[in-house]
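Notes to accompany the following structure.
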Amino acid sequence: MEIFKNISAGLRALFGRTRVEREMDEELRGFMDASSEAKQRAGMAPEAAARAARIEMGSTNAVKHHIRSTGWETSAENLWLDLRYSLRMLFKSPGFTLVAILSLALGIGANTAIFTLVDNVIMQQLPVRQPGQLVSFGKSLSGGVLGGVDISEFDMYGLDFANQLEKNPGPFASVFSYDSRFRRVGVQLGEHPTGPATQIQSHLVSGSYFNTLGAPMFLGRGIQPYDAFAPGRTPVVVVSYHYWRNSLEADAHVLGKIVTINGVPCTIVGVTPPRFYGILLATEPPDIWAPVTMQAELMREPSFLAAAGPYWLHMGARLAPGHTLEQDQGWLDGQIRAYVLAHEGGQVSADRRAEVARITEPLVSAGSGVSGMRQGFESPLLILMCVVVLVLLVACANLANFLLARAIARQREISTRLALGSTRLRIVRQILMEALLLSAAGGLCGVALAWVAARALIQFVAGGAPFTSLTATPDMRVLAFTFGVSLLTGLLFGLAPALRVARTNATPALNANARTAVAAGGSGARVLPRALVIAQVAVSVVLLAAAGLFLRSLANIEKQDFGFNRTNLLVVSFGE
Amino acid sequence: MGQKPGDMVQGTLEMLILKTLALEPMHGYGMALRIEQVSQGVFRVNPGSLLPALARMERAGHVKSEWRLSENNRRAKFYLLTAAGRKALRQEAASWDRQAAAIARIMEA
């Protein structure tokens, strides 16, 4: 209750300043009159009594100032005044302000752009229910068809093992499997289509894939277990949000419509939510999902679904609540080893048994998906992150020097303020405020710059794919990162001049002849600016040299001689 | 003989004000006079300390103020003790007694 009364009293004081002043004046005058009357009654002459009363009180302005500063609204008012003052000071030197904001925008923008990529490729979780519970069997990075080795080699499995585990998931909440690679298919709209087919990415998944991932479908349903019970029987597909918007014109009645995939008519039963790309992440995400049992019909190839067929699936699972990877690892290894031994045929030698006993398939946390992209880009992105941090530090050092010079030039102003009775804290706070305003403005411009830069980077990384799962649009995490970086940057380069002010003496600069910017701190004060410049030059030279070498290497790779004429050559692939 | 009012700790001044107001509502000068009289001149509070202290206590909700007519028919700002102020007075008084007793024990030892 008291807090509200305090707040409302403060607001009333803020907006009723004249009334408050009047009341204070009246109270002080009343006090002085009462005191002087008491002294007169004690025998003093009227003028002497009045004078004595005034001396006892001291400066009316000082008393009023003390009374006023008991409320929170004075600090708020001071903050507001300091803000306006800082803005005025920054606008007074527009050239400096512009250059500062620009260099900050570049530094902060570069950091944000790289962080956007890091967020997309490394950090982002799948848009599914409780992604932390998802695991994949092994890193699952290679794709294709495999035979002649033990199951779980290269994290590849056959359909019968996948079905076995799906029916009896053991300690897992549920198990699913999916084609180890995306397949390009030709798609036409309608049941008896005429005209050419468009090529899209497709993905074959098991019946428990969508249920286990648990993403809320945008329309309809996902592939269900009853869609994958027998080969070739259920031509149903789920389309992606992106495909639904672009190629199906966001038709609200799309469920039940037919699309022809590689000549096979299939019924659309669901649309995935936006930004859902499944668990396998690649630069070009799938637009359509079909049951694994449709493999032979849709892909127009021999069936992989026989009991002793090839290995072509990766697998994953969702942990039961409270379970950990280590707990369920043993069960999975047991299942794999049992399967291998069961399919050995004939006598199994002791050596072979020992070999089988060593088979293990590490469970890998898959909350941010299974991504070949991450494997490829993790190190380069982290290196780039370090580089842009260095660039930002160079910009900070530059600005610190600038602000230091400005603080020295404003020596007289600061000394005057100190002499008039301002606290050092207030002046230091105002200088930090200038720095923070600059970095906030730089951060805002930086976000815009980062968006442009991130888009260009994604284009480069995706290598010309028409649509990719990477997005340059900043999400909460990226914006929080930018805000944090701006704040730290402002504090970093505002610190040097602020500390210098804190050590200023009030008197020397007020001397009549002190028009020049005297380094009142002695030779010690000249060390910091020089150190900053040296550091800047050193880091810049290193970065420039590295950049130059990288560019030369890139150019050399482009111009590499392969021993044949590469002009006017095209690479074309027909079907699969 | 009056000590410099600055020698009194800020917390003590607030406690003395609360006690003075517990008897009856007063305006600023009345309080200063009462404190000086009852302390027999040991404490002389000047308006530079008294009025900010009163403003602080008003923000904390321990006193509230009203404009009334003083004894010589002049408009003056009177301060009254609130319920919260009474409670604060009890707490401050108890704490002061504890401190005084502790100091006395140390000085006697």
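Chains as they are written, first to last, in our numbering: chain A, 19 to 594; chain B, 202 to 310.
Glycine is no exception: its CB is placed at the ideal position from the N, C-alpha and C atoms.
Which residues DSSP lists as bridging residue i, in chain order
i               : result
P339 of chain A : P339 of chain A pairs with nothing; no bridge assigned.
Y280 of chain B : B:M227 and B:S266
M333 of chain A : A:S195
W307 of chain A : A:H221 and A:V256
R202 of chain A : A:Q219
Y103 of chain A : Its beta-bridge partners do not exist; DSSP assigns none.
P283 of chain A : A:T278
Y175 of chain A : A:L331
V289 of chain A : A:L237 and A:V257
F155 of chain A : A:L381
F190 of chain A : A:L337
V388 of chain A : A:L298
L207 of chain A : A:V277
L164 of chain A : A:Y329
Residue environment, residue i, which counts as buried when at least 16 other CB atoms sit within 10 Å
i               : result
I85 of chain A  : buried
H271 of chain A : exposed
C284 of chain A : buried
Y261 of chain A : buried
I25 of chain A  : exposed
F568 of chain A : exposed
T36 of chain A  : exposed
M174 of chain A : buried
I169 of chain A : buried
N531 of chain A : Any reading at N531 of chain A must be qualified, since the residue scores a pLDDT of 49, below 50, and its modelled position is unreliable; no value is offered.
Y244 of chain A : exposed
G176 of chain A : buried
M308 of chain B : exposed
V590 of chain A : exposed
W307 of chain A : buried
V388 of chain A : buried
S93 of chain A  : exposed
N181 of chain A : buried
K288 of chain B : exposed
G352 of chain A : exposed
Distance between residue j and residue i (C-alpha atoms, nearest Å)
i               : j               : result
G296 of chain A : A128 of chain A : 30 Å
M232 of chain B : G242 of chain B : 13 Å
P303 of chain A : R251 of chain A : 26 Å
A285 of chain B : H263 of chain B : 5 Å
D137 of chain A : F499 of chain A : 10 Å
S558 of chain A : L506 of chain A : 21 Å
L467 of chain A : A123 of chain A : 7 Å
A535 of chain A : R518 of chain A : Reliability fails at A535 of chain A, whose pLDDT of 49 lies under 50, so the model's placement of it is uncertain and no value is given.
A537 of chain A : A423 of chain A : In this predicted model, A537 of chain A has a pLDDT of only 48, less than 50, meaning its place in the structure is not dependable; the value taken from the coordinates is given anyway. Distance between the alpha carbons of A537 of chain A and A423 of chain A is about 11 Å.
M141 of chain A : F294 of chain A : 15 Å
Y230 of chain B : L46 of chain A  : 9 Å
R428 of chain A : P515 of chain A : 11 Å
E184 of chain A : V203 of chain A : 27 Å
L443 of chain A : R435 of chain A : 12 Å
S158 of chain A : A300 of chain A : 13 Å
M75 of chain A  : V81 of chain A  : 8 Å
V223 of chain A : D197 of chain A : 6 Å
A437 of chain A : P547 of chain A : 27 Å
V254 of chain A : R355 of chain A : 34 Å
A483 of chain A : M494 of chain A : 26 Å
A490 of chain A : G240 of chain A : 28 Å
P214 of chain A : L207 of chain A : 10 Å
A67 of chain A  : R59 of chain A  : 10 Å
T78 of chain A  : L252 of chain B : 12 Å
L509 of chain A : P291 of chain A : 42 Å
L350 of chain A : G150 of chain A : 19 Å
F148 of chain A : G232 of chain A : The displayed chain sequence assigns Gln, not Phe, to residue 148 of chain A. Looking at the two C-alpha atoms, the distance is approximately 8 Å.
Amino acids of chain C, ordered along the chain, whose beta-carbon sits closer than 9 Å to that of residue i
i              : result
A68 of chain A : In the structure shown, chain C does not exist; the protein chains are A and B.
Practice item. Assess, as a yes-or-no matter, whether the stretch 324-333 of chain A is touched by the stretch 161-178 of chain A under the definition of 3 or more beta carbon pairs within less than 8 Å. Key: By the Cβ test, the stretch 161-178 of chain A is in contact with the stretch 324-333 of chain A, since at least three Cβ pairs between them sit closer than 8 Å.
Within the chosen definition, does the stretch 414-432 of chain A reach the stretch 542-554 of chain A through at least 3 CB pairs nearer than 8 Å?
yes
Please list the residues of the stretch 53-83 of chain A that have a C-beta atom closer than 8 Å to any C-beta atom in chain B, keeping them in chain order. Residues of the stretch 53-83 of chain A with a Cβ closer than 8 Å to any Cβ of chain B, in chain order: S53, E55, A56, E74, M75, G76, A80 and V81.
Report task. Using a Cβ-Cβ cut-off of less than 8 Å, give me the residues of the stretch 273-285 of chain B that come near chain A, in sequence order. Result -> N273, R275, R276, A277, K278 and A285
Handout entry: Contact set between the stretch 34-47 of chain A and chain B, restricted to residues whose Cβ is under 9 Å from the partner
Key = E41, M42, E44, E45 and L46
Worksheet item: Would you call the stretch 363-372 of chain A and the stretch 273-291 of chain A in contact, with 3 or more CB pairs under 8 Å?
Response: no
### Short-range partners of chain A found in the stretch 213-244 of chain B, where Cβ spacing is below 9 Å
Under the 9 Å Cβ criterion, the stretch 213-244 of chain B contributes H228, G229, Y230, G231, A233 and L234.
ask   = If we count Cβ pairs, one from each stretch, closer than 8 Å, do we get three or more for the stretch 374-392 of chain A versus the stretch 334-348 of chain A?
value = In this structure the stretch 374-392 of chain A lies against the stretch 334-348 of chain A, because at least three pairs of beta carbons, one per stretch, are closer than 8 Å.
>> Taking beta-carbon pairs under 7 Å, can you tell me which members of the stretch 250-265 of chain B lie near chain A?
In response: Residues of the stretch 250-265 of chain B whose Cβ lies closer than 7 Å to any Cβ of chain A, in chain order: L252, P253, A256, R257, R260, A261 and G262.
Can we say the stretch 90-110 of chain A touches the stretch 444-454 of chain A, given the rule of at least three CB pairs closer than 8 Å? yes
Is the stretch 243-250 of chain B touching the stretch 271-283 of chain B, taking contact as three or more C-beta pairs under 8 Å?
no
Using Cβ-Cβ distances below 9 Å, what residues of the stretch 107-118 of chain A are close to chain B?
none
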